[in-house]
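Asks: So the sequence shown is numbered by the numbering used here: it starts at 149 and just counts up by one.
Okay, handing you the structure first.
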Amino acid sequence: MESIGSIIMYLIIALSIVVFSVLTVTTRKILRSATFLLFTLFATAALYFKLDYEFLGAVQIAVYAGGIVVLFVFSILLTSHPGHNSERLVSKKRVLGVFAALATFVVVAMALLNRCGQAFVSLPQMENPTMHKIGQALMGTGEYQYLLPFEAISVLLLACIIGGVVIARKR
Numbered sequence: 149m150e151s152i153g154s155i156i157m158y159l160i161i162a163l164s165i166v167v168f169s170v171l172t173v174t175t176r177k178i179l180r181s182a183t184f185l186l187f188t189l190f191a192t193a194a195l196y197f198k199l200d201y202e203f204l205g206a207v208q209i210a211v212y213a214g215g216i217v218v219l220f221v222f223s224i225l226l227t228s229h230p231g232h233n234s235e236r237l238v239s240k241k242r243v244l245g246v247f248a249a250l251a252t253f254v255v256v257a258m259a260l261l262n263r264c265g266q267a268f269v270s271l272p273q274m275e276n277p278t279m280h281k282i283g284q285a286l287m288g289t290g291e292y293q294y295l296l297p298f299e300a301i302s303v304l305l306l307a308c309i310i311g312g313v314v315i316a317r318k319r
């Protein structure tokens with residue numbers, strides 16, 4: 149049985165992920181949005197550490213919170229005026245968007261309840277994968293290994309950086 153302190157810590161982390169995620173997409177200042185995204189990524193790393201996935205937590209901080217957010221801020225500073233407010237989005241289909249969001253929430257909740265219905269039954273002890281297995285899965289070329297998507301994403305990020313620099317130089 150988990151302790152009350154562990155459950156409270158989980159609720160604090162989950163609440164901070166939800167709050168900072170909502171603030172990320174609702175703020176009108178783009179640098180504040182990037183900062184809230186950084187807080188969301190740190191809270192996600194805290195969740196990984198709480199679940200004893202030290203490697204994923206470290207990768208979350210190093211790659212996403214460290215690298216990707218710095219890339220976002222660099223791109224923002226190159227391509228826009230960060231002190232200005234963005235325009236308020238006006239849409240005539242808000243009701244449809246809210247309905248779609250609620251329908252998606254219901255479908256996801258049903259899927260989670262169906263899949264995780266036995267979560268309250270004690271599960272067998274699982275072991276964390278070794279660094280060798282993780283490295284083999286990430287850099288392997290066989291089935292269920294991720295070298296090709298890894299390289300495709302690195303080329304995509306390079307193209308984004310070059311595009312940002314080209315746009316900034318034209319100004």
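From the three backbone atoms N, C-alpha and C, an ideal C-beta is built for every residue, glycine too.
Would you please verify whether the beta carbon of residue 206 is less than 9 Å from any beta carbon of chain E?
Replies: No chain E is part of this structure, which consists of one protein chain only.
Asks: Apply the 10 Å Cβ neighbour rule to residue 215 and answer buried if 16 or more other Cβ atoms are within range, or exposed otherwise.
Replies: Residue 215 comes out exposed.
Asks: Please determine, among 292, 300, 277 and 290, the residue with the shortest C-alpha to C-alpha distance to residue 203.
Replies: With distances taken between Cα atoms, residue 203 lies closest to 277.
Asks: For residue 198, list the residues DSSP reports as bridge partners.
Replies: Answer is none; residue 198 lacks a bridge partner.
Asks: Whole angstroms are fine: how far does the CA of residue 184 sit from the CA of residue 317?
Replies: Cα to Cα, residue 317 sits roughly 28 Å from residue 184.
Asks: Alpha carbon to alpha carbon, what distance is there between residue 301 and residue 313?
Replies: Their Cα atoms are separated by approximately 18 Å.
Asks: So, using beta-carbon positions, are residue 192 and residue 160 closer together than 9 Å?
Replies: Cβ atoms of residue 192 and residue 160: not closer than 9 Å.
Asks: May I have the straight-line CA-CA distance separating residue 167 from residue 187, to the nearest angstrom?
Replies: Cα to Cα, the separation comes out at about 10 Å.
Asks: In angstroms with no decimal places, state the Cα-to-Cα distance between residue 275 and residue 227.
Replies: Using only the alpha carbons, I get a separation of about 46 Å.
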